[in-house]
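Using full-length UniProt numbering, the first residue of the sequence shown is number 1, and each one after it goes up by one. Glycine is no exception: its CB is placed at the ideal position from the N, C-alpha and C atoms. See below for the structure under consideration.
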Amino acid sequence: MSVEVTLTSANFQKEVLESTIPVLVDFWAEWCMPCRMIAPSIAQIAEAYKGKVKVGKVNVDDEGDIASQYGIISIPTLLYFKDGQMIKQKVGALPKHEIENFIKA
């Protein structure tokens with residue numbers, strides 16, 4: 001079972017903005033090959049950092065309002081939230097070690 005959280009407009013506030021731990025949010029789409037390429041790395045990071053960093057996924061086709069709210073133009077885009085605030089962003093298919101560095105820095 002995946003430890004990644006599927007984020008929607010119904011649960012984004014609770015799961016991300018009110019989270020007591022940092023949250024890595026992956027904006028993706030089924031048809032996006034780079035998104036599909038990094039999906040296994042995102043899943044591994046979700047498992048490795050369970051309890052320390054929450055990992056959530058926003059399907060931009062289903063949740064366009066959330067994507068628009070954060071100015072998501074290209075995917076995959078990773079946003080990092082801490083204490084309810086988006087503090088950094090990375091765009092593009094990154095290798096696993098770069099995603100880990102992104103959440104550690």
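Distance between residue j and residue i (C-alpha atoms, nearest Å)
i, j, result
"residue 44", "residue 12", "22 Å"
"residue 36", "residue 60", "14 Å"
"residue 77", "residue 92", "6 Å"
"residue 100", "residue 80", "12 Å"
"residue 22", "residue 70", "17 Å"
"residue 90", "residue 75", "10 Å"
"residue 46", "residue 68", "25 Å"
Cutoff 7 Å; reference residue i; Cβ partners in own chain excluding five residues on either side
i, result
"residue 8", "63"
Spatial neighbours of residue i in its chain, beta-carbon cut-off 6 Å, leaving aside the 5 residues before and after
i, result
"residue 65", "9"
"residue 84", "17"
message: Please give the ranges of any alpha helix (DSSP H) in the UniProt domain "Thioredoxin" (1 to 105), keeping only runs that are unbroken, at least 4 residues long and fully inside the region.
response: 33 to 48, 64 to 69 and 96 to 104
field: Meets three-Cβ-pair contact criterion under 8 Å: the region 53 to 69 and the region 89 to 96
entry: no
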